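In short: position in the sequence shown from 1, add 144, done, that's my numbering. Here is the structure we will look at, set down as structure tokens.
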Amino acid sequence: MTCVADADPSTKTSPLLVDTDGGSVGDGVEDANHNGKIDAGETDPNDPTDDVPVTGCTGDGDCGSPTSGKVCDPATKTCVDGCHTPGNGCPSDLVCTSDTPAIGSCVECLDDTQCGDAQSGKVCEDHVCVSGCHEGGNGCPEGQECTSTTIQIGTCETPQTTTTTPEDDEVVAEGGGCVCTTRPAADDGRGWLLALAVGGLFAARRRRSR
Ligand SMILES: [Ca+2]
Ligand SMILES: [Ca+2]
Ligand SMILES: [Ca+2]
């Protein structure tokens, strides 16, 4: 390989642009053997007028990689957004609405399984993952309940509970008074037990004295 670009600056192409002359055909296509020189049968990467756009496609291979989300529409022989089987599919984060040769579209989800696990709190609605839950699909995260018990999409809500320990903690923290009152209560408990024991002893004596 020879560096022709240095010998003739006019053949330089932009390293940042795929299509330096903007004529719609990429530099790599115009300079088919990538030697930087316009060989026989090649076009000038710096001359937009000699670009010959690829017209028509004969198969998905003309429209990008198997994960391009582009397919060759046999009706118009043009590359269109889509996917099908067999043929080009979708980028890895999308799924195809079609699993037949018919051209489908790349969407976020077909069912809840593409929206996280059974406790994700996300469900598939109109091919988009949305917050929600329902029967026969994804449910709610731990500690939350679904407002729906049917296939209808409900919302995940935290159930109302009567015991709110954080508030109890706040009461204790408000002043020493609360702490003081709890200790006598414990003493009262022991005192009550003592009274019971004494009372039992007293009752036993009474029984013996009869
Ligand atoms: Ca070009
Ligand atoms: Ca060349
Ligand atoms: Ca050109």
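Here a beta-carbon is modelled for each residue, glycine too, at the ideal position from N, C-alpha and C. Keep in mind that this is a model prediction, so the values were computed, not measured.
Cα-Cα separation between Gly-231 and Pro-210, rounded to whole angstroms: 7 Å
Coarse secondary structure for Ala-330, derived from DSSP in three states: Note that Ala-330 scores a pLDDT of 49, beneath 50, so its modelled location is shaky and nothing firm can be said.
3-residue-minimum beta strand (DSSP E) runs that sit fully inside the stretch 178-266, ordered along the chain: 214-217 and 222-225
Member of Gln-296, Asp-163 and Gln-288 whose CA lies at the smallest distance from the CA of Pro-303: Gln-288
Option nearest Gln-258 by Cα separation, candidates Ser-275, Pro-245 and Lys-181: Ser-275
Test item: CB-CB of Gly-205 and Gly-226 under 8 Å: no
Any non-hydrogen atom of ligand 1 closer than 7 Å to Asp-165 Cβ: yes
Euclidean distance between Cα positions of Pro-159 and Asp-243: 40 Å
Opening and closing residue of the beta strand (DSSP E) in which Val-272 lies: 272-275
Any non-hydrogen atom of ligand 3 within 7 Å of Asp-183 CB: no
Contact set for Leu-296: own chain, Cβ-Cβ below 7 Å, skip 5 residues either direction: Strictly speaking, residue 296 in this sequence is Gln, with Leu absent from that position. Excluding positions up to five away in sequence, the list reads His-278.
Simplified DSSP state of Gly-298, which is helix, strand or coil: strand
Glu-174 in three-state terms, based on DSSP: helix
DSSP three-state assignment for Glu-286, whether helix, strand or coil: coil
Any non-hydrogen atom of ligand 1 closer than 7 Å to Asp-175 Cβ: no
Proximity to Ala-184 [Cα-Cα], best of Asp-175, Asn-190, Pro-245 and Pro-192: Asp-175
Nearest-angstrom beta carbon gap, Thr-193 and Gly-167 [assumed within contact, 8 Å]: 7 Å
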